[in-house]
Each structure stands twice: as structure tokens, then as C-alpha cells.
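Quick note: the sequence shown uses my numbering, first residue 324, plus one each step.
Even for Gly, the Cβ is constructed at its ideal location relative to N, Cα and C.
None of these values were measured; they are calculated from a predicted model.
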Amino acid sequence: MLEGSLHQDIGLMLPRLHVAYFHYNSFSGLLPSSLSNLSEIQQLALSYNHFSGEIPFNGESLSGLSVLILESNNLRFEKSDDLNFLKSLVNYNKLKVLQFNDNNLGGKLSSSVSNLSTTLSCFLAGNNHI
């Protein structure tokens, strides 16, 4: 089992990474904002850790992403707009799996959820404060 935090520059150090599964470890701390630099990432799983803070995805930087699994962490920005990251995922037209259940995210699901990828087949958002 790995522990500690993900290096803040992981997205800059491994920009050509295609698949990253870091689930079922004891990572903690904030999700690095440099994750948005993983321009070739297709599958990213960070579930079952102790990550906290906001979800740092924005724009079209991860447009090839098909699997994003963030479940069972302590993600929360302690604002009513914790779910704003969903708006940036509208441009991810290859997204098939989106799981962010079992966190402490708050807010309302915006209408942008209806504009998520037409290939989306798994959407898990339960056990949050939505």
C-alpha cells in the first residue's frame, strides 16, 4: 500500500501517461492541479484514498479521458459549487465512466450534466451532499 501525497508536478513529469490506477492506497492531500496536464490520459482512477479539496479538472486538457474514478475520498471544497468540475467534463466526448460517489461534495447538479458525453455508461454520484 502506497501512502503520502501525489507529487504536485505529476502531470508535468508524466505528460504521456495513458493509464493511471492509484486506487486502494493511503494517498492524502490535495489532488495536484497538474493532473490537467496529462493530455494523453485515457483512464484515471484515484479511488479509495484520502484525497481532499477540490477536483482540479478544467477545459479540454483531458479530452481523451474515458474513465475517471474518484470515489471514496474526502473530496470537498467546502463550497456549494463543489460540482463545478462537471461543467469542464462536457468537452470530454470519450468519457464512459464517471464515478465520484462516497465523497463530501456539495452543491446542485447543474443542467450541464445532461450535456456529458453520449458514450457515458456509468455515472455514480451517490453518498455526497447533492
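- The C-beta of Phe446 has fewer than 16 other C-beta atoms within 10 Å across all chains shown, which makes the residue exposed.
- A straight-line Cα-Cα distance of about 11 Å links Ser375 and Ser395.
- Secondary structure in the stretch 380-439: the beta strand (DSSP E) runs of 3 residues or longer, each lying completely within the stretch, are 390-392, 420-422 in chain order.
- For the options Phe408, Leu412, Leu340, Leu393, the alpha carbon positioned closest to that of Asp425 is the one of Leu393.
- Per the C-alpha coordinates, the member of Asp332, Gly327, Gln331 positioned closest to Tyr347 is Gly327.
- Its chain contains Pro355, Ser356, Ser357 as the residues whose beta carbon lies nearer than 8 Å to that of Gln331, once the 5 sequence neighbours on both sides are disregarded; these appear in chain order.
- Under DSSP, no beta-bridge partner is assigned to Glu363.
- Counting along the chain, Gly449 sits inside no beta strand (DSSP E), nor does DSSP assign it H or E at all.
- Excluding residues up to 5 positions away in sequence, Ala343, Leu391 lie with their Cβ nearer than 6 Å to the Cβ of Leu367 in the same chain.
- Of the candidates Asn372, Leu329, Leu418, the residue whose Cα lies closest to the Cα of Ser444 is Leu418.
- Between Leu329 and Leu361, the CB-CB gap reaches or exceeds 9 Å.
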